[in-house]
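The working numbering numbers the first residue of the sequence shown as 56 and each following residue consecutively.
Using N, Cα and C, we set each Cβ at its ideal position, and we do this for glycine too.
Just so you know, these numbers come straight off a predicted model, no measurement behind them.
One structure is given below, encoded as structure tokens.
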Amino acid sequence: MSAGCDACGHGGCAGDVRIVDLPARDVLRLLPMLDTALAVTGGPGAVVAQSGPYAEPSAQGTALAVDPYAVVLRVAPDRLSPYVFARPDGECVLQLRTRGGHVAHRVRGMSDADRLILAGLARTDGGDPVCMPDGAGDPFPDVPGLVDPAPAAWQEGDQLAQLDAILADGGVLRWNQIADCPEVAVRSADAGVLPALFEHLCATELPLGAAVFGEAAAQLASGRVHLVTSSGEGRLAVVLGQSTLDVDLHAVHECLLVRSHGPHGLTSALELYDPDGRAIVLLTQFGIVGEATHGAWEDLTASLPVASW
56 MSAGCDACGH
66 GGCAGDVRIV
76 DLPARDVLRL
86 LPMLDTALAV
96 TGGPGAVVAQ
106 SGPYAEPSAQ
116 GTALAVDPYA
126 VVLRVAPDRL
136 SPYVFARPDG
146 ECVLQLRTRG
156 GHVAHRVRGM
166 SDADRLILAG
176 LARTDGGDPV
186 CMPDGAGDPF
196 PDVPGLVDPA
206 PAAWQEGDQL
216 AQLDAILADG
226 GVLRWNQIAD
236 CPEVAVRSAD
246 AGVLPALFEH
256 LCATELPLGA
266 AVFGEAAAQL
276 ASGRVHLVTS
286 SGEGRLAVVL
296 GQSTLDVDLH
306 AVHECLLVRS
316 HGPHGLTSAL
326 ELYDPDGRAI
336 VLLTQFGIVG
346 EATHGAWEDL
356 TASLPVASW
């Protein structure tokens with residue numbers, strides 16, 4: 056194996072990476088069977104991690120239920136292919152990768168039962184193991200099911216339509232068009248206030264929902280902000296509900312405040328983008344919350360200063 060392979064998430068390679076001989080949709084259905092998993096989603100700009108059981112993952116175009124005590128995953132399943140990294144010590148890590156080889160979501164089994172389930176997936180392919188570092192080209196380009204979905208109809212859509220539009224291609228198409236879309240209320244916001252925003256949420260115990268995007272996958276976290284720390288290197292670490300969220304503020308090129316319809320009427324979402332227009336994090340109120348919570352969130356987002364550029 057290549058010494059530089061980081062498929063396991065440890066920066067080294069001492070085991071096998073095998074493609075799973077099942078469609079991603081079938082593998083996703085197995086995730087709620089895990090007792091306690093460590094679920095990680097993200098990219099260079101942000102990462103979210105949560106340990107616990109999985110809620111039933113949902114796909115674009117379907118209903119979405121947010122459970123603060125479970126791992127909530129929203130995916131474009133036809134753009135993903137599952138792999139299992141099996142270490143010699145018996146530990147297994149399931150990865151959902153895009154056709155370009157990027158890891159959209161990583162699952163590590165934390166119990167013996169979880170490791171047995173993931174190891175069973177690793178044995179479904181009878182071919183030779185392959186070493187494929189994160190970001191390498193996919194050596195299985197003919198795997199069925201890798202079809203680009205049609206872009207979501209977000210222009211007149213609700214909160215969920217906005218989320219699904221970002222999943223369609225990372226949000227680039229929507230980002231390029233949203234300023235000229237009269238149906239969507241949008242304005243820029245100053246990303247420099249993000250540390251103060253999270254500190255305010257922590258002090259007031261105002262609940263928050265966050266979606267962190269990997270390619271073709273979003274992991275949702277919700278609850279109160281328990282802890283916020285920021286470093287001189289521009290890293291922002293947040294304990295949100297049952298999750299930990301890490302944001303590289305240097306990767307944030309633009310911050311948009313977008314209003315779309317939710318259960319309580321127009322609801323604001325703070326969307327962070329990298330220089331290429333790919334969504335990093337979305338902050339909002341998901342689902343049904345108290346009227347006071349929704350009102351406090353709207354007052355807070357309305358007070359955010361406009362970006363200076």
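DSSP places Ile74 in the strand class (E or B) of the three-state scheme. Using a Cβ-Cβ distance cut-off of 8 angstroms, the segment 292-308 and the segment 218-229 are not in contact, since fewer than three pairs of beta carbons, one from each stretch, lie closer than that value.
Per DSSP, Gln214 lies in no beta strand (DSSP E) segment; the continuous alpha helix (DSSP H) that holds it begins and ends at 214-224. Pairing Tyr124 with Ile74 gives a Cβ-Cβ distance that is not under 8 angstroms. In the DSSP secondary-structure assignment, Val248 is not bridged to any residue. Residues Asp90, Thr91 of the same chain have their beta carbon placed closer than 7 angstroms to that of Ser166, with the five preceding and five following residues left out of the count. By the neighbour-count definition (other C-beta atoms within 10 Å, threshold 16), Gly350 is an exposed residue. Relative to Arg163, the option among Asp133, Val95, Asp329, Thr153 whose CA is nearest is Val95.
The three-state reading of DSSP puts Ile343 in coil, since its state is none of H, G, I, E or B. In the assembly as shown, Cys310 is a buried residue. Its beta-carbon has 16 or more other beta-carbons within 10 Å. According to DSSP, Gln150 shares a beta bridge with Tyr138, Arg161. In this structure, the beta-carbon distance from Leu295 to Gly278 falls below 8 angstroms. Taking one beta carbon from each stretch, the segment 265-275 and the segment 153-161 have 3 or more pairs nearer than 8 angstroms; the two touch. Within the segment 315-342, complete beta strand (DSSP E) segments of at least 3 residues are found at 320-328, 334-339, given in chain order.
Apart from sequence neighbours up to five positions away, the residues of its chain that approach Ala110 with a beta-carbon distance below 6 angstroms are Asp122, Ala125, Val127, ordered along the chain.
Collapsing the DSSP output to three states places Ala120 in coil. Annotation for Gly332: Gly226, Val227, Trp230, Asn231 place their beta carbon closer than 7 angstroms to its own, counting only its chain and skipping 5 residues before and after.
The DSSP assignment places 263-269, 272-278, 280-285, 290-295, 298-303, 309-317 as complete runs of the beta strand (DSSP E) inside the segment 256-324, in order along the chain (cut-off: 3 residues). Classified as buried, Gly98 has 16 or more neighbouring CB atoms from the shown chains inside 10 Å of its CB. With a beta-carbon spacing of about 33 angstroms, Ala246 and Val148 fall beyond the 8 angstroms limit used to define contacts. Of Tyr328, Leu337, Leu291, Arg290, the smallest CA-CA separation from Leu263 is found for Leu337. Setting aside the 5 residues that flank it on each side, Pro330 is surrounded in the same chain by His308, each with a C-beta closer than 6 angstroms to its C-beta; the list follows chain order. For Ser315 and Arg142, the gap between their C-alpha atoms comes out near 45 angstroms. Taken through DSSP and simplified to helix, strand or coil, Leu89 comes out as coil. When the Cα atoms are used, Ala244 and Thr348 turn out to be separated by approximately 21 angstroms. Shown here for Ala101: same chain residues with a beta carbon closer than 6 angstroms to its own, the five before and five after excluded, namely Val267, Val302, Ile335, Val336 in chain order. Of all alpha-carbon atoms in Leu321, Glu146, Pro112, the one lying nearest the alpha-carbon of Val130 is that of Pro112. Within the model, the alpha-carbon separation for Pro318 versus Glu238 is close to 18 angstroms. Pairing Ala234 with Leu321, the inter-Cα distance amounts to about 18 angstroms. A check of alpha carbon separations from Ile343 across Leu77, Ala120, Asp81 identifies Ala120 as the nearest.
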